[in-house]
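Working notes, structure below.
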Amino acid sequence: MDLAPILAAGLPLLGWTTHGTYLARRLATARRDPLTGLLTRDGFTTRAERLIRSHPDRTTVLLVDLDDFKAVNDTHGHAAGDTVLKATADRLTAWCGSSGLAARLGGDEFAVVALDSADRIPQLHTALRRPIDLDGLVLDVSASVGASHPAALLLTEALSAADRDMYAHKPGSRSSRRG
Numbered sequence: 144m145d146l147a148p149i150l151a152a153g154l155p156l157l158g159w160t161t162h163g164t165y166l167a168r169r170l171a172t173a174r175r176d177p178l179t180g181l182l183t184r185d186g187f188t189t190r191a192e193r194l195i196r197s198h199p200d201r202t203t204v205l206l207v208d209l210d211d212f213k214a215v216n217d218t219h220g221h222a223a224g225d226t227v228l229k230a231t232a233d234r235l236t237a238w239c240g241s242s243g244l245a246a247r248l249g250g251d252e253f254a255v256v257a258l259d260s261a262d263r264i265p266q267l268h269t270a271l272r273r274p275i276d277l278d279g280l281v282l283d284v285s286a287s288v289g290a291s292h293p294a295a296l297l298l299t300e301a302l303s304a305a306d307r308d309m310y311a312h313k314p315g316s317r318s319s320r321r322g
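For the sequence shown, my numbering gives the first residue as 144, with consecutive numbering after it.
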C-alpha cells in the first residue's frame, strides 16, 4: 500500500490543526490579563454586550478605580501594587459569582457587568475596603465604584454613566464634597 497520498493529505491537515490550536490559545491568552486572570477590555466587551442584550432589565454595569493606588506602588513597591491588583480581582470575581463578568481595563481600573446585583453594591464596597496582608504588612485599600443600569443602553454608554457616577463618589472630587 502506498502511503504517500495519505501523508500528502494528512500532514498539511495536521499542520493547520496544530496552527489553529496555537492561535486559539494565543487569542484566549490575549483576552485575559496575565497578572489578575481577569478578562481584558477586548475579552470583556463582547461578553458584556451579550449579557446586557440578554438581560437588559437585570444588568448592572460597574466601574471600579482603586483610590491612591500610585501611593501603594511608590511607598511599598510594585510587588505590593501587584498584590493589591490581584486581591481586587479576586474580590470582584467573588462578588460577581457565576452571574457576572469582571475585567481589568488597565492600570488600576476594573469593570464589572453583573445580573441582579444592584442591592449588593454595598457589600462590594465593604469587600474592596478590607485591608490586604502583604507578608505581615497591612495595606489599607479602598476603591471608588460607579454604577449604571443600562436597560437598553450600549455598553459604552453604560460604562460612561458608571464613570460619571464613580467620579461623583471618588474621595476628593468636587461633587463628593458637596454631600
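From the three backbone atoms N, C-alpha and C, an ideal C-beta is built for every residue, glycine too.
Strand pairing of residue i, partner residues [DSSP]
i	result
D283	DSSP output for D283 lists no bridge partner at all.
Simplified DSSP assignment, three categories, for residue i
i	result
R201	coil
D308	helix
L178	coil
D208	strand
K213	helix
T323	Residue 323 is absent from the structure shown; the chain starts at 144 and stops at 322.
L194	helix
R169	Reliability of the predicted coordinates at R169 is poor, the pLDDT of 47 falling under 50, and the value obtained from them is presented with this limitation in mind. In this structure, R169 counts as helix in the three-state DSSP scheme.
heavy atom of the ligand SAM below 7 Å from residue i C-beta
i	result
A237	What this structure holds is no ligand at all, so the ligand SAM is not there to describe.
Point to revise | Contained alpha helix (DSSP H) runs [length at least 4] in the region 215–303, N- to C-terminal order | key: List check, alpha helix (DSSP H) in window: 221–239 and 264–272.
Check your understanding: With a cut-off of 8 Å, do at least 3 Cβ pairs link the region 303–314 to the region 277–294?
Key -> The region 303–314 is in contact with the region 277–294.
Review point. Using 8 Å as the Cβ pair cut-off and three pairs as the minimum, do the region 215–223 and the region 252–267 touch?
Key: These segments do not touch.
Point to revise | the region 176–188 / the region 239–247 touching (three or more Cβ pairs under 8 Å) | key: Note that the region 176–188 touches the region 239–247; at least 3 beta-carbon pairs, one per stretch, sit closer than 8 Å.
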